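Going by my numbering, the sequence shown opens with residue 16, and the numbers climb by one from there. Glycine is no exception: its CB is placed at the ideal position from the N, C-alpha and C atoms. Keep in mind that this is a model prediction, so the values were computed, not measured. Here the structure is laid out as structure tokens; the discussion comes afterwards.
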Amino acid sequence: MTFPELYRLGKKLFKADRIFYALAFFLLFSAFLLETYPEAAAAIRFSQEGERIPVYASYFSPLLQQYGNSYPLACGVMTVLITASAALCLGAGLRSLNVMYATLAGNILTMIFALMPLVAIGKDCVTAVGVGVLSCLFAAILLQTAVIIYENLSKRKK
16 MTFPELYRLG
26 KKLFKADRIF
36 YALAFFLLFS
46 AFLLETYPEA
56 AAAIRFSQEG
66 ERIPVYASYF
76 SPLLQQYGNS
86 YPLACGVMTV
96 LITASAALCL
106 GAGLRSLNVM
116 YATLAGNILT
126 MIFALMPLVA
136 IGKDCVTAVG
146 VGVLSCLFAA
156 ILLQTAVIIY
166 ENLSKRKK
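Here it is as structure tokens:
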């Protein structure tokens, strides 16, 4: 790849990055609003008698004490941090590689902590909000990796 091709690719990545972060920020903010209502984050389990039991089992919530999973405080803190980093990455002046590495690490840690209850408890703890936020985090990890690779390649070309 020549440098002009890399430059055009980089501009497209940065535009996609900004659009994605705006979407991620909106999705996380919507998740916070949705999860103030327990019904929005309730997973349904069936008892041995066959009756339905709603269980609050969402990964992300501003009300940390109402988590139904095994790692409430860690996921709550990570969610707040990743929302803050998504807001920071929307700023044009904060596009340094150090910020990108920090937000990538935050995304990966949040994803790991959020997937732990799914592995430990099973598919009963999946909610629409949790799936939306996890898919958003996964896309963020892929996009940030692409931006970091581009930045490192463009530094070598200079």
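Among 146, 130, 127 and 161, which has the Cα closest to the Cα of residue 116?
-> 161
With a 10 Å radius around its C-beta and 16 neighbouring C-beta atoms as the bar for buried, classify residue 63 as buried or exposed.
-> exposed
Write down the C-beta distance between residue 152 and residue 118 rounded to the nearest angstrom, noting that I regard them as a contact closer than 8 angstroms.
-> No, residue 152 and residue 118 are not in contact; Cβ-Cβ is about 11 angstroms, not under 8 angstroms.
Using the beta-carbon count (16 or more within 10 Å), is residue 128 buried or exposed?
-> buried
Taking buried to mean at least 16 other C-beta atoms within 10 Å of its own C-beta, is residue 122 buried or exposed?
-> buried
Whole-Å CB distance - residue 112 paired with residue 166, under 8 angstroms assumed | 6 angstroms
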